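Shown next, in structure tokens, is the structure this report addresses.
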Amino acid sequence: MADAQISPRNIPDRLEGRGARLLKSWEALLVVVAAVIFLGNSLASPYFLDPWNLSDATFNFTEKAMIAFAMALVIISGEIDLSVASIIALASTAMGYAVQFGFDTPALVAIGLGVGLLCGLVNGVLITGLDLPSIVVTIGTMSLFRGLSFVVLGDQAFTGYPESFAWFGQGYVWWVFSFEFTLFVVLAVIYGVLLHRTNFGRAVYAIGNNQTAALFSGVRVPRVKFTLFLLTGLLAGLASVCLTSRLGSTRPSIALGWELEVVTMVVLGGVSILGGSGTIPGIVLAALIMGMVTFGFGLLNVPGIVMSIFIGLLLISVIALPILWQRARRRPVH
Amino acid sequence: MAKLLKNREILLVVAIAVLLAIIALRFPAFVAPSNLARVYNDTSILVILALGQMAVILTRCIDLSMAANLALCGMVAAMLNNFFPGLPIPLIIFAAMALGGFLGAINGTLVWKLNIPPIVVTLGTLTIYRGLIFVLTNGKWINAHEMSDPFKALPRLVVAGMPVLSWLSFLMIALMFLVIGRTPLGRAFYAVGGNPHAAVYTGIDVGRTRFFAYCLSGTLAGLSGYLWVSRYAVAYVDIAAGFELDIIAACVIGGISIAGGIGSVAGAVLGALFLGVIKNALPVIDISPFAQLAISGTVIIIAVAVNARAERRKGRVILKKAEAV
Chain A
1 MADAQISPRN
11 IPDRLEGRGA
21 RLLKSWEALL
31 VVVAAVIFLG
41 NSLASPYFLD
51 PWNLSDATFN
61 FTEKAMIAFA
71 MALVIISGEI
81 DLSVASIIAL
91 ASTAMGYAVQ
101 FGFDTPALVA
111 IGLGVGLLCG
121 LVNGVLITGL
131 DLPSIVVTIG
141 TMSLFRGLSF
151 VVLGDQAFTG
161 YPESFAWFGQ
171 GYVWWVFSFE
181 FTLFVVLAVI
191 YGVLLHRTNF
201 GRAVYAIGNN
211 QTAALFSGVR
221 VPRVKFTLFL
231 LTGLLAGLAS
241 VCLTSRLGST
251 RPSIALGWEL
261 EVVTMVVLGG
271 VSILGGSGTI
281 PGIVLAALIM
291 GMVTFGFGLL
301 NVPGIVMSIF
311 IGLLLISVIA
321 LPILWQRARR
331 RPVH
Chain B
335 MAKLLKNREI
345 LLVVAIAVLL
355 AIIALRFPAF
365 VAPSNLARVY
375 NDTSILVILA
385 LGQMAVILTR
395 CIDLSMAANL
405 ALCGMVAAML
415 NNFFPGLPIP
425 LIIFAAMALG
435 GFLGAINGTL
445 VWKLNIPPIV
455 VTLGTLTIYR
465 GLIFVLTNGK
475 WINAHEMSDP
485 FKALPRLVVA
495 GMPVLSWLSF
505 LMIALMFLVI
515 GRTPLGRAFY
525 AVGGNPHAAV
535 YTGIDVGRTR
545 FFAYCLSGTL
555 AGLSGYLWVS
565 RYAVAYVDIA
575 AGFELDIIAA
585 CVIGGISIAG
595 GIGSVAGAVL
605 GALFLGVIKN
615 ALPVIDISPF
625 AQLAISGTVI
635 IIAVAVNARA
645 ERRKGRVILK
655 KAEAV
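Here is the structure:
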């Protein structure tokens, strides 16, 4: 992995004011991008500004954003979890399996969340308990979890979810605000407080910046990391409940490739893939941007796989542009 | 003897032998030489890909885009054959390898010049390369009847008792032995992965070495693209989807450390063969092919755990020796 370049020369004499820093921040750039895309969409299609259409558009990102909050903390702490999409598949399969035995909605939700938590536990134990690299472990569990759904389902699908179960993915809390969107807002607040206002959040940053230093300053590194993987599993389970409820069926290929979109969302939100920096408001903005782009492409009838090219390009350019920008700015100094 | 048992390659040979013995108890026909040759031939493409992935992992990087690269090159090879049926096959293979090398070079450049973490680069290019196939074909398939006979026949052609596909994989293994063991570039792979800072001080350009590793993996993916499409006689957007996991699994099982700097050609080949034997044995012992993904996942996790333990023990032994001196 690339090493960050820190030299005494780069430390400024005096820090910029709060306002100037805010204006130059990644989040400010995201706000501008979001505004431009919003304007572009509303000019391109007369149907875009309808409140119900906008409400529909939120389903493009709410489930992914739920996982993105958890993934952001994992990446800030310097690890990665590539198994999230497979956790969705396994949790969904477990819920579909339970339906065959006549379990009702509360039990199904508990099973979905429980399986997610269990998958997170497996990742956490392997990574922090056995001290293995998270990227390989989660590549392994990624095939294991989805593999298990294939073992259960083969080429079949589970359907027949109870009617009340549909509320999580299709219900509305108030007016145009769906349950999923409300959950997204609530989770954003919870995660914002957790990361930016608690000791736990500080510990996550500390681990991502320098794990050894964090250990020596009394941060329980393995325990924090373990909690992060557990939370990621739980939120993937939650996303699975919402997605399954919205689709009303389970196939083993459910949420295929979502790990990429979640990582893209997190990186677009300004989280450094090397760990140590990033904010929750950034993730919220990135989720809105990706949702609007997908929705806009949808209005223009662009097929999903072409959208994925765009997401891939977005992922690379979002990381490459700041590097090129910094290089261009730094060059005259030398 | 103890040393021999700690040798990962020998352990793997033993593991494969035990696996074969267990299968042979119920199904003796599985270990007949002709069937084993068939199993090897079926695993050849994985062997070639694992060799490329090994070079990349040795330099402390990872190439998740290999399967997508394979699919794109395979599709381009099939399209070339479809549009220009008269085009000589070696030229098509060369074109596939060149395109693969170019796609690998894109990965390498992003890693080298922009210092973007390899996992992000190849996750991105994975979707881009596969998306390009759709853009290129509009989702259409190229089927067996749209390919020329020589195009399909080459990998199957039997020379000296073995299909060309197997021979090609032998050739690649031999070439990799030479590159890894007998060239400055091969040694640089280990140096860069083992300790990038030390590598810089010995005069090795870390980024450039990684760039070449990606070119190598890309070229091998391009070759595999032709082999895959001609062997299965069909090309479409989703060929070899998810195969990148099998390739990485083969490397991890073969003892190539994901932290870079540790691994051997024999390890990569044996790791691929281990997976190949499991894959071919599943239908024989009547386990649903749907179980294969779960089994690969389990094997990856076990292999990583075993590798990590082995590496840690090695570290301690060196320290003890130093203390004794």
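Chains as they are written, first to last, in my numbering: chain A, 1 to 334; chain B, 335 to 659. All residues carry an ideal CB built from backbone N, CA and C; glycine is no exception. Just so we're clear, the structure is a prediction, and the values are computed from it rather than from any experiment.
Per DSSP, residue i forms a beta bridge with which residues?
{"i": "B:Pro497", "result": "B:Val492"}
{"i": "B:Ile476", "result": "B:Ala569"}
{"i": "B:Phe361", "result": "B:Phe361 pairs with nothing; no bridge assigned."}
{"i": "A:Phe177", "result": "A:Trp174"}
In whole angstroms, what separates the C-alpha of residue i from that of residue j?
{"i": "A:Glu397", "j": "B:Pro489", "result": "Nothing can be reported for residue 397 of chain A: it is not among the residues displayed for chain A, which extend from 1 to 334."}
{"i": "B:Ala606", "j": "B:Arg521", "result": "23 Å"}
{"i": "A:Gly112", "j": "A:Ser134", "result": "23 Å"}
{"i": "B:Lys654", "j": "B:Asn529", "result": "With a pLDDT of 42 at B:Lys654, under the threshold of 50, the predicted position of this residue should be treated as unreliable, and no value is reported."}
{"i": "B:Ala615", "j": "B:Ala351", "result": "13 Å"}
{"i": "A:Phe310", "j": "A:Phe216", "result": "43 Å"}
{"i": "A:Leu39", "j": "B:Thr536", "result": "55 Å"}
{"i": "B:Gly672", "j": "B:Val445", "result": "Chain B is shown only over 335 to 659; residue 672 of chain B falls outside these bounds and no answer can be derived."}
{"i": "A:Met292", "j": "A:Leu183", "result": "18 Å"}
{"i": "B:Leu554", "j": "B:Met431", "result": "7 Å"}
{"i": "B:Gly458", "j": "B:Arg394", "result": "18 Å"}
{"i": "B:Ile476", "j": "B:Ile357", "result": "37 Å"}
{"i": "A:Gly154", "j": "B:Ala642", "result": "33 Å"}
{"i": "B:Glu657", "j": "B:Arg565", "result": "Residue placement at B:Glu657 is flagged as unreliable, the pLDDT there being 41, under the threshold of 50; a coordinate-derived value is accordingly withheld."}
{"i": "A:Ala110", "j": "A:Gly102", "result": "14 Å"}
{"i": "A:Leu313", "j": "B:Ile462", "result": "7 Å"}
{"i": "A:Gly208", "j": "B:Ala355", "result": "47 Å"}
{"i": "A:Arg251", "j": "A:Val125", "result": "28 Å"}
{"i": "B:Leu307", "j": "B:Met506", "result": "Residue 307 of chain B lies beyond the range of chain B shown here (335 to 659); nothing can be said about it."}
{"i": "B:Val618", "j": "B:Pro367", "result": "16 Å"}
{"i": "A:Gly160", "j": "A:Met95", "result": "11 Å"}
{"i": "A:Val189", "j": "A:Gly114", "result": "23 Å"}
{"i": "B:Gly386", "j": "B:Gly435", "result": "11 Å"}
Drop a sphere of 10 angstroms on the beta-carbon of residue i, count the other beta-carbons inside from all chains shown, and report buried for 16 or more, exposed for fewer.
{"i": "B:Asp397", "result": "buried"}
{"i": "B:Thr517", "result": "exposed"}
{"i": "A:Lys24", "result": "exposed"}
{"i": "B:Ile652", "result": "With a pLDDT of 43 at B:Ile652, under the threshold of 50, the modelled position of this residue cannot be trusted; read the value that follows with caution. Looking at its Cβ environment, which holds fewer than 16 other Cβ atoms inside 10 Å, B:Ile652 is exposed."}
{"i": "A:Asn199", "result": "exposed"}
{"i": "A:Asp81", "result": "buried"}
{"i": "B:Val586", "result": "buried"}
{"i": "B:Leu433", "result": "buried"}
{"i": "A:Ile6", "result": "Reliability fails at A:Ile6, whose pLDDT of 49 lies under 50, so the model's placement of it is uncertain and no value is given."}
{"i": "B:Gly589", "result": "buried"}
{"i": "B:Arg464", "result": "buried"}
{"i": "A:Gly51", "result": "Checking the sequence shown, residue 51 of chain A turns out to be Pro, not Gly. A:Pro51 should be labelled exposed."}
{"i": "A:Leu49", "result": "exposed"}
{"i": "B:Asn341", "result": "exposed"}
DSSP state of residue i, grouped into three classes?
{"i": "B:Val381", "result": "helix"}
{"i": "A:Ala26", "result": "First, the residue type needs correcting, since residue 26 of chain A is Trp and not Ala in the sequence shown. Here A:Trp26 sits in helix by DSSP."}
{"i": "A:Thr198", "result": "coil"}
{"i": "A:Thr232", "result": "helix"}
{"i": "A:Thr62", "result": "helix"}
{"i": "A:Phe103", "result": "coil"}
{"i": "B:Thr517", "result": "coil"}
{"i": "A:Thr250", "result": "strand"}
{"i": "A:Phe184", "result": "helix"}
{"i": "B:Phe418", "result": "coil"}
{"i": "A:Ala4", "result": "With a pLDDT of 49 at A:Ala4, under the threshold of 50, the modelled position of that residue is not reliable, and the figure given next carries that caveat. Reduced to three states, the DSSP call for A:Ala4 is coil."}
{"i": "A:Phe158", "result": "strand"}
{"i": "A:Pro46", "result": "coil"}
{"i": "A:Pro51", "result": "helix"}
{"i": "A:Glu259", "result": "helix"}
{"i": "B:Arg394", "result": "coil"}
{"i": "B:Ala593", "result": "coil"}
State yes or no: is the C-beta of residue i nearer than 7 Å to some heavy atom of the ligand HEM?
{"i": "B:Lys474", "result": "This structure simply doesn't include the ligand HEM, nor any ligand for that matter."}
The segment 116–123 of chain A contacting the segment 221–235 of chain A, beta-carbon criterion three pairs below 8 Å: yes
The segment 623–631 of chain B touching the segment 138–151 of chain A, judged by at least three CB pairs closer than 8 Å: yes
Three CB pairs or more closer than 8 Å across the segment 389–405 of chain B and the segment 536–551 of chain B: yes
The segment 281–300 of chain A / the segment 48–62 of chain A touching (three or more Cβ pairs under 8 Å): yes
Touch test, the segment 235–251 of chain A against the segment 64–83 of chain A, Cβ-Cβ under 8 Å, three pairs minimum: yes
Touching by the beta-carbon criterion (3+ pairs, under 8 Å), the segment 405–420 of chain B and the segment 478–496 of chain B: yes
The segment 169–180 of chain A touching the segment 255–269 of chain A, judged by at least three CB pairs closer than 8 Å: no
Given 8 Å, three or more beta-carbon pairs between the segment 318–326 of chain A and the segment 573–582 of chain B: no
At least three beta-carbon pairs within less than 8 Å, the segment 85–96 of chain A to the segment 299–309 of chain A: no
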